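In the numbering used here, the protein residues as written are 498 to 572.
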């Protein structure tokens, strides 16, 4: 009976060692993290004006004279 108990522990230890070895191997061979992408030029900002203030600012004259913001070029 003692021999059977020892061989069960040996098998369990061997299986555990195998699982740990496979996990370590997979972690070591994992692909490196991707390079960071270049900045897209996108920005954002908080709007501090109320909708009424914005509406009052954009008079028909200002709207008519407005120019679109420059857009980034693909390159």
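Yeah, the Cβ is synthetic: ideal placement off N, Cα and C, and Gly gets one too. Computed from a predicted model, the values in this text were never measured in an experiment.
Mapping DSSP to helix, strand and coil, what is residue 501? In the structure shown, residue 501 sits in a helix (DSSP, three-state: H, G or I).
Alpha carbon of residue 536 to alpha carbon of residue 524, nearest angstrom: Their Cα atoms are separated by approximately 30 Å.
Span separating the alpha-carbon of residue 560 from that of residue 547: The alpha-carbon atoms of residue 560 and residue 547 are separated by roughly 18 Å.
Thinking C-alpha only, which one of 508, 569, 503 and 509 is nearest residue 540? Here the closest residue by C-alpha is 569.
Output the distance between the C-alpha atoms of residue 516 and residue 503, rounded to the nearest integer angstrom. One Cα belongs to residue 516, the other to residue 503, and the distance between them is close to 20 Å.
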